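Respectively, the protein sequence lines represent chains H and F.
To get the numbering used here, take the position in the first sequence, counting from 1, and add 354.
To get the numbering used here, take the position in the second sequence, counting from 1, and add 1435.
Reading through the C-alpha cells given below for one structure.
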Amino acid sequence: MTFEQIFHAWNLVFHEECSTAPLVLFRILTGCVLLLNGLLLLPLVDDYYSPDGLWPGPVWRRQTVRSGLCLFLWLPDTTRTFRLFLCVHLLACLCFLAGYQFRIASIAVFVTLVSIHHRNPCLLSSGDSLLRMLVFFCCFSDAAGGVSVDHWLAGKPLTQFNTADPWALRLMQIQVSTVYLRTVYWKLRGALWRNGSAAWYPLWVDAYVRFRPPQWMLKPAMIRIATWGTLAEEMLLGTGLWIRELRYPMLITGVLLHLMFDVILNLQLFSWIMVCSLMLFVWPQDSEWLLRQVVDHLWG
Amino acid sequence: MVDLFILLMLLFLWCWDYPLDHPCRFLIHFPGLPLAWVGLWHSWAMFAPEPIHINRRLLAVLTFDNGSREVWSPLSASPSTKLLNALYARSFKFEYSMFSFSMQTMYQPLCEFLIRQATQSGQHVRSVELIRESRLVNSWEKTDVYSPPVQETFYRFEATRGVGELFSEKKPEVQALPA
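Okay, structure coming up:
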C-alpha cells in the first residue's frame, strides 16, 4: 500500500460528496428526542437544578469551574434563570428539529445541553454523553440540507436534498460503532458477562426494571442466551454496519435490541437515542425515499 | 485543517474510553482535555464491567425539636406507576450517585435541602441522618432472589450546630449507575 492509496481511501471515506438525506433523517428524529429530553427536565428543576435544591450553587460551582463548559457560571444562580435557560434550550431544539437557522440552532442546542449536563452531572447516563457528542458533530454537518425551513426559505423543494462533504456524518457513524465496540470491551472485563449471568441482575434492581420477563424466560439457559446474545449483537453492530450486505439486517436487529431494552429496562431515553443514531446508517437513497414518502403523505 | 480535526476526533473517539492506565488513553489524555472540557467526555461502560447487582435505597431520618421523627426518601421512591418511574428515571440516577464514595460533598447539601423543606412547612429539624439500605441480588442458583436487607447510617447532620459527621469511612462497594 502506498501513501497515495491511503490518501485516496481517506478522501473516499471522508470527502466524497453524498446526499445529506441520512443526516436529515437523523436531525428530525434526534430533534424530537431532544425536545422530549428537555421537557422531561421540567419537573426536576426545583429539586435538582435550583439554588435551594439538592445540588446548590456553591457546591456545583466548586466542582464545575475547571471540569467543564457551563454557561451557568456566568449567570445569576436562581431557579428563574434555569427555567429561562431551559426555555432557550427548548426553543433551540425546536429550530434544530425544523432546520431553521440550523448552524446557529445546533450550536445553541449543544452549548445549552452541555451547560445543563454540567450543572448537575449526577443525573446523567451514557445516553446523555452520546446525545452531546452527536449534536456536536451536527454543528459541522449539513443536516438541514433537505426537509427544513432553511431549505424552504432558499426556495428549494422540501424533498430535494443537498449533497455535501460527508466527514461529519462519517465521524458520527464511527462514533456509533465505537460505542458498541467499547461497551463489549468493558463487558468482557467482567466475570458475570463472561459466565453468562449478567442479564439476570438488572432484572431485580428496582431502579432499572420496567417489565420483568415471564418466569420461563428467567431460566439459566435463557439468561445465558440473553447475556451472550447481547455481547454478540453489540459486537456485530460495531462491525457489521460497515459491511454493505449486513447493514440492513444489523440495523433491524439493532433497533429491535434497543426496543427490547426499553420495554424491559427503565433507561431514560438511552434506547431512543441509540435508535436515532442507527438511522445514520440508512443508505442515502433509502433515506431520501423514506423522507419523500413522509413529506408527500403529510403535505400531499 | 479539517483532516487534522478528523484525525484528532478519531483518536479521541477511539482512545478516551480506555482505562486510565492504558497506553491509548495516555496518548490522548492531554490533547483530549479541551474536548472533554467542551462536553465530549464519555464512558461506554454500560452495565459493565459488572452489571449493577445491588438494590439500593437512600433514606433520611429527620428528628424534629419535639423529638418526633420522619423518614424521607428521594423522589424516585414515591412514584408507583410505570409512567412516573419513566418520568423520574433521572432521580434514580441521583439516588445512586449518593452511594458513591466520591459524592461526599453532596451529603450536607442534601441534609440542608431537607431542613429547608421542613422549615417551610413550619417544622424545626434538630438532626438528619442519612441511611443506605442495600439488598444484594443473589445469583440464580440460590432460592431467594435477594439477600436480607442491610441498613447503614453513613452521615449525620446536626442542624443546630450546622455540623456534619461522616460515620462510614470505608469505601462503599458500589459502581456508578450505568446507562
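Ideal Cβ positions, reconstructed from N, Cα and C, are used throughout, including at glycine.
Just so we're clear, the structure is a prediction, and the values are computed from it rather than from any experiment.
Between residue i and chain H, is there a C-beta pair that is closer than 8 Å?
i: residue 1508(F); result: no
i: residue 1577(F); result: no
i: residue 1480(F); result: yes
i: residue 1452(F); result: yes
i: residue 1467(F); result: no
i: residue 1458(F); result: no
i: residue 1525(F); result: yes
i: residue 1572(F); result: yes
i: residue 1439(F); result: no
i: residue 1495(F); result: no
i: residue 1448(F); result: yes
i: residue 1613(F); result: Reliability fails at residue 1613(F), whose pLDDT of 39 lies under 50, so the model's placement of it is uncertain and no value is given.
i: residue 1561(F); result: no
i: residue 1599(F); result: no
i: residue 1532(F); result: yes
Closest to residue i by CA distance: which of the options is it?
i: residue 405(H); options: 389(H), 427(H), 387(H); result: 427(H)
i: residue 629(H); options: 481(H), 414(H), 430(H); result: 481(H)
i: residue 1618(F); options: 1442(F), 1558(F), 1489(F), 1520(F); result: Lying outside 1436 to 1614, the shown extent of chain F, residue 1618(F) is not represented and no answer is given.
i: residue 1594(F); options: 1547(F), 1586(F), 1576(F); result: 1547(F)
i: residue 1477(F); options: 356(H), 386(H), 484(H), 587(H); result: 484(H)
i: residue 637(H); options: 392(H), 520(H), 454(H); result: 520(H)
i: residue 648(H); options: 439(H), 500(H), 397(H); result: 500(H)
i: residue 469(H); options: 509(H), 440(H), 455(H), 488(H); result: 440(H)
i: residue 1523(F); options: 622(H), 643(H), 645(H); result: 622(H)
i: residue 472(H); options: 421(H), 444(H), 452(H); result: 421(H)
i: residue 1508(F); options: 1502(F), 1501(F), 1533(F), 1518(F); result: 1533(F)
i: residue 376(H); options: 650(H), 642(H), 581(H); result: 642(H)
i: residue 1562(F); options: 1437(F), 1572(F), 1599(F); result: 1599(F)
i: residue 589(H); options: 626(H), 563(H), 459(H), 532(H); result: 532(H)
i: residue 488(H); options: 613(H), 651(H), 645(H), 388(H); result: 388(H)
Which chain H residues are close to residue i, counting only those with a beta carbon under 9 Å from its beta carbon?
i: residue 1591(F); result: Neighbours of residue 1591(F) on chain H: none; closest Cβ ~18 Å, over 9 Å.
i: residue 1521(F); result: 394, 564, 620, 622
i: residue 1580(F); result: 558
What first and last residue would you give for the alpha helix (DSSP H) that runs through residue i?
i: residue 1599(F); result: Careful: residue 1599(F) lies outside any alpha helix (DSSP H), inside the beta strand (DSSP E) at 1598-1601.
i: residue 1491(F); result: Taken as a continuous stretch (DSSP letters only), residue 1491(F) belongs to no alpha helix (DSSP H), being part of the beta strand (DSSP E) at 1489-1499.
i: residue 608(H); result: 598-618
i: residue 638(H); result: 638-653
i: residue 526(H); result: 521-541
i: residue 547(H); result: 545-548
i: residue 1466(F); result: 1458-1470
i: residue 387(H); result: 375-395
i: residue 588(H); result: 574-594
i: residue 563(H); result: From DSSP, residue 563(H) is part of no alpha helix (DSSP H); its letter is neither H nor E.
i: residue 1479(F); result: Premise fails: residue 1479(F) is in no alpha helix (DSSP H) and is neither H nor E.
I need the boundaries of the beta strand (DSSP E) containing residue i, first residue and last residue.
i: residue 1585(F); result: 1585-1593
i: residue 1506(F); result: 1504-1507
i: residue 1574(F); result: From DSSP, residue 1574(F) is part of no beta strand (DSSP E); its letter is neither H nor E.
Name the chain B residues whose beta carbon is nearer than 8 Å to that of residue i?
i: residue 1474(F); result: No chain B is part of this structure, whose protein chains are labelled H and F.
Below 7 Å on C-beta distance, what does residue i contact in chain F?
i: residue 540(H); result: 1479, 1480, 1483, 1484
i: residue 536(H); result: 1452, 1479
i: residue 496(H); result: Neighbours of residue 496(H) on chain F: none; closest Cβ ~14 Å, over 7 Å.
i: residue 556(H); result: 1482, 1486, 1487
Could you work out which residues of chain F lie near residue i, taking near to mean beta carbons separated by less than 8 Å?
i: residue 533(H); result: 1479
i: residue 647(H); result: Per Cβ cutoff of 8 Å: no residues; residue 647(H) is ~30 Å from chain F at best.
i: residue 543(H); result: 1483, 1484
i: residue 408(H); result: 1529, 1541, 1544, 1545, 1548
i: residue 442(H); result: Those within 8 Å of residue 442(H) in chain F number zero; the least Cβ separation is about 17 Å.
Could you list which residues in chain H have their beta carbon closer than 8 Å to that of residue i, in chain order?
i: residue 1445(F); result: 525, 528
Is residue i close to chain F, meaning its C-beta is less than 8 Å from at least one C-beta of that chain?
i: residue 397(H); result: yes
i: residue 415(H); result: no
i: residue 643(H); result: no
i: residue 605(H); result: no
i: residue 480(H); result: yes
i: residue 459(H); result: no
i: residue 516(H); result: no
i: residue 577(H); result: yes
i: residue 403(H); result: no
At a CB-CB cut-off below 7 Å, which residues of chain H make contact with residue i?
i: residue 1551(F); result: 406
query: Can at least three beta-carbon pairs, one atom from the region 1549-1560 of chain F and one from the region 1518-1538 of chain F, be found at a separation below 8 Å?
result: no
message: I want to know whether the region 367-380 of chain H touches the region 623-642 of chain H - three or more CB-CB distances under 8 Å.
response: yes
field: Cβ contact (3+ pairs, closer than 8 Å) linking the region 1459-1468 of chain F and the region 517-529 of chain H
entry: no
query: Using 8 Å as the Cβ pair cut-off and three pairs as the minimum, do the region 457-464 of chain H and the region 489-506 of chain H touch?
result: As far as the Cβ criterion goes, the region 457-464 of chain H touches the region 489-506 of chain H, which means the pair count is three or higher.
query: Is the region 544-557 of chain H close to the region 385-395 of chain H, with three or more CB pairs under 8 Å?
result: no
task: Report yes or no: do the region 1489-1508 of chain F and the region 552-569 of chain H share at least 3 C-beta pairs separated by less than 8 Å?
output: yes
- request: Evaluate the contact criterion for the region 501-509 of chain H versus the region 451-459 of chain H: three or more CB pairs, one atom per stretch, below 8 Å.
  value: yes
message: With a threshold of 8 Å, are at least 3 pairs of Cβ atoms found where one atom belongs to the region 579-595 of chain H and the other to the region 531-543 of chain H?
response: yes
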